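In our numbering, the protein residues as written are 69 to 242. Note that the Cβ used here is the ideal one computed from N, Cα and C, for glycine as well. Remember, predicted model here, so these are calculated numbers, not experimental data. First comes the structure, then the notes that go with it.
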Amino acid sequence: MVELHREQARGKDRSKYFWCLHCERAYERTEFRLVEELQMCPYADCNGDTVTDAWEWNSIRRANPAYPRVPKHGVRYAMYRDEKIIKEEFARYREASVRQGGLMIQANATFVLNLSKQRLSDLVQSGRLHWHEFFDTKFLSCREIAGFKKVKRKAGRPFGKGKTGNVDETDSAE
Ligand SMILES: [Zn+2]
Numbered sequence: 069m070v071e072l073h074r075e076q077a078r079g080k081d082r083s084k085y086f087w088c089l090h091c092e093r094a095y096e097r098t099e100f101r102l103v104e105e106l107q108m109c110p111y112a113d114c115n116g117d118t119v120t121d122a123w124e125w126n127s128i129r130r131a132n133p134a135y136p137r138v139p140k141h142g143v144r145y146a147m148y149r150d151e152k153i154i155k156e157e158f159a160r161y162r163e164a165s166v167r168q169g170g171l172m173i174q175a176n177a178t179f180v181l182n183l184s185k186q187r188l189s190d191l192v193q194s195g196r197l198h199w200h201e202f203f204d205t206k207f208l209s210c211r212e213i214a215g216f217k218k219v220k221r222k223a224g225r226p227f228g229k230g231k232t233g234n235v236d237e238t239d240s241a242e
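Take a look at the structure:
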């Protein structure tokens, strides 16, 4: 049986279905798309993961009682936040923050990495960095940023004569 990263991180699943914060679609709890060791949202055009971005369908339904017990595949279900769900979101934010060594908004991440906003979203697009969404805001993992900064510095350090060839990652003014 496949081990779900979500269960390893957050304990046993209580719902049969999960809802993705990135694409607002639902899937069965055992579904995911494996992308470089990461268990991602099963919908191919989505860059959410099945750990921090997956919400128990039951809690989405609690705030949205008109939603069906069994969600339809591919249908977008908007999340309307009630007091209870905001409380849960705040708890998840705190959890993710601990796990990620802190969460940083985009503007701060571009500042810390000395990258343009466009370059930052390219890095997310390519899977080097990941968005974590809370309160309708996109955050980045401080752990990922620190890791990326390290790689970037190494790539930028000249060794021997001439360039490392890795121009792409050396756009830092450090
Ligand atoms: Zn998704």
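1. Could you check if residue 103 is buried or exposed, using at least 16 other CB atoms within 10 Å of its CB as the buried criterion?
2. Are the beta-carbon atoms belonging to residue 168 and residue 194 less than 9 angstroms from one another?
3. Could you spell out where the beta strand (DSSP E) holding residue 122 opens and where it closes?
4. Quick one: is residue 173 buried, meaning 16 or more other Cβ sit within 10 Å of its Cβ, or exposed?
5. I want to check one thing, is the minimum distance from the CB of residue 93 to the heavy atoms of ligand 1 below 8 angstroms?
6. Which value, in whole angstroms, describes the spacing of the CA atoms of residue 198 and residue 170?
7. Residue 76: which of 223, 118 and 91 sits nearest, CA to CA?
8. Taking 8 angstroms as the cut-off, is the C-beta of residue 116 nearer than that to any heavy atom in ligand 1?
9. Which stretch, first to last residue, makes up the beta strand (DSSP E) that contains residue 175?
10. As an exercise, report each continuous beta strand (DSSP E) stretch of at least 3 residues that is fully enclosed by the region 70 to 96, in chain order.
11. I'd like to confirm something about residue 90: is its beta-carbon nearer than 8 angstroms to some heavy atom of ligand 1, or not?
12. Give me the residue from 200, 196, 207 and 201 with the minimum Cα distance to residue 215.
13. Could you tell me whether the region 117 to 135 touches the region 85 to 93, using the rule of 3 or more Cβ pairs below 8 angstroms?
14. With distance defined between alpha-carbon atoms, name the residue in 212, 181, 164 and 150 nearest to residue 130.
15. Just how far apart, CA to CA, sit residue 178 and residue 186?
16. Give the range of the alpha helix (DSSP H) segment to which residue 35 is assigned.
Reading from the atomic positions:
1. exposed
2. no
3. 122 to 124
4. exposed
5. yes
6. 13 angstroms
7. 118
8. yes
9. Where residue 175 is concerned, there is no enclosing beta strand (DSSP E), although the alpha helix (DSSP H) it sits in stretches over 174 to 181.
10. 85 to 88 and 94 to 96
11. yes
12. 196
13. yes
14. 150
15. 9 angstroms
16. As displayed, the chain neither begins before 69 nor continues past 242, which places residue 35 out of reach and without an answer.
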